[in-house]
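A.B. asks: Note that the UniProt record's numbering numbers the sequence shown so that position 195 is 195, with each residue one more than the last. By construction, the Cβ of each residue, glycine as well, lies at the ideal position given by its N, Cα and C atoms. Values in this document were obtained by computation on a predicted structure and should not be read as measured data. Sharing a structure below in structure tokens format, with a few things to ask.
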Amino acid sequence: MKIATVTAPVATLWSRPDAPRPGVDAAALGPRCDLRSWAAGLDDTGRMYDGVLTQLLHGEPVLIEEIRDGWARVVATAQPAARLDPRGYPGWLPLDQLSVRESTDNGTAVAVGVAALEVARAWRGVPYVWGGLTPYGIDCSGLVHLAFRQLGVTIPRDAYDQQPATTDVPLGTERPGDLYFFARPDGRVQHVGFVTEPPTPDGRRHMLHACGDAFLVVEEQLRPTRVATLTAAGRITP
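The structure is reproduced here in structure tokens:
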């Protein structure tokens, strides 16, 4: 299974690859689509066109069912549509509006974690702000909370509450999409981030997190000072 996230500012979900109308929908296509000019150019009939199904925002996750001629048949998991597909809203997206990765597992918990990681990756470069939960600034637990929330999975807001909400994963067996938790000397969890790679044989670990040292959302190898406070790994099980 392939998992992807929307990299365009807004991606229009189409009923089929040939649904975009020549001379009408060009501005809605491509990685730098211009939805303002696209919408402004539609007449009343064009605004009612049923070839458009819905729209996906930057960072939204999708499952890819098929790739054909530059298009991906997807399921938008953040937009429930039980009548059409119990997993989410189905349709077609231009492949150049997506960042695609292979899932590491077919299990539901691992797949949800990988999808949440992909959502969080779209936030790289966003400033770190304590208590933040927006593209203008976000903190470590806010990033984790929001990534899962976009998938319809509700988890606690703060890191010390998130850790007991996970299924424990023995350190050394963690996978991408799992969570690393870090604690103060008194044992209270005070930081969280996404596992981005399995640990290497020599013990190196990599994480995506809203970093209070860099004041950005970053993906990086854990530094020795960070490893010294690593207390647990966990997996969100929907």
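Please list, in chain order, all residues of the same chain as tyrosine 89 whose beta carbon is under 6 Å from its beta carbon, the five residues on each side excluded.
C.D. replies: Counted from its first residue, the sequence shown places residue 89 at position 89. Result list for tyrosine 89: Thr54, Ala76, Gln79, Ala81, in chain order.
A.B. asks: Could you check whether alanine 233 and leucine 171 sit closer than 8 Å to each other, using their CB atoms as the reference points?
C.D. replies: Translated into positions along the sequence shown, residue 171 becomes position 171. Translated into positions along the sequence shown, residue 233 becomes position 233. Their beta carbons are under 8 Å apart, which means leucine 171 touches alanine 233 by this criterion.
A.B. asks: To the nearest angstrom, how far is it from the Cα of threonine 166 to the Cα of tyrosine 136?
C.D. replies: Here residue 166 corresponds to residue number 166 of the sequence shown, with the count starting at 1. Here residue 136 corresponds to residue number 136 of the sequence shown, with the count starting at 1. Distance between the alpha carbons of threonine 166 and tyrosine 136 is about 28 Å.
A.B. asks: Under the DSSP definition of a beta bridge, which residues are partnered with isoleucine 64?
C.D. replies: Counting from 1 along the sequence shown, the entry for residue 64 is found at position 64. Isoleucine 64 is bridged to Lys2, Val74.
A.B. asks: Tell me, please, whether the stretch 36 to 45 touches the stretch 152 to 166 by the rule of three or more beta-carbon pairs shorter than 8 Å.
C.D. replies: Touching, no.
A.B. asks: Mind reading off the beta-carbon distance from proline 20 to tryptophan 14? Whole number of angstroms is fine, and I expect it under 8 Å.
C.D. replies: Your numbering for residue 20 matches position 20 in the sequence shown. Your numbering for residue 14 matches position 14 in the sequence shown. Sure, about 6 Å apart at Cβ, within 8 Å.
A.B. asks: So, is glutamate 60 buried or exposed, given that buried needs 16 or more other C-beta atoms within 10 angstroms?
C.D. replies: Within the sequence shown, numbered from 1, the residue matching residue 60 stands at position 60. It counts as buried.
A.B. asks: Where arginine 175 and tryptophan 92 are concerned, what is the direct C-alpha to C-alpha distance, given to the nearest angstrom?
C.D. replies: On the sequence shown, position 175 is the one that residue 175 refers to. On the sequence shown, position 92 is the one that residue 92 refers to. Approximately 29 Å between the Cα atoms of the pair.
A.B. asks: Quick check: threonine 7 and glutamine 150, are their CB atoms within less than 8 Å of each other?
C.D. replies: Indexing the sequence shown from 1 puts residue 7 at position 7. Indexing the sequence shown from 1 puts residue 150 at position 150. For threonine 7 and glutamine 150, no; Cβs fall outside 8 Å.
A.B. asks: Hey, could you find the ends of the alpha helix (DSSP H) tyrosine 128 is sitting in?
C.D. replies: Your numbering for residue 128 matches position 128 in the sequence shown. Tyrosine 128 -> no alpha helix (DSSP H), and no H or E assigned at all.
A.B. asks: Is the beta carbon of proline 17 closer than 8 Å to that of aspartate 69?
C.D. replies: In the sequence shown, the residue the question calls residue 69 occupies position 69. In the sequence shown, the residue the question calls residue 17 occupies position 17. Yes; because the gap between Cβ atoms is below 8 Å, this pair is in contact.
A.B. asks: Can you give the Cα-Cα distance for isoleucine 3 and alanine 11, rounded to whole angstroms?
C.D. replies: Position 3 of the sequence shown holds residue 3. Position 11 of the sequence shown holds residue 11. C-alpha separation (whole angstroms): 16 Å.
A.B. asks: Consult DSSP for serine 15 and reduce its assignment to one of helix, strand or coil.
C.D. replies: Position 15 of the sequence shown, counted from the first residue, corresponds to residue 15. In this structure, serine 15 counts as coil in the three-state DSSP scheme.
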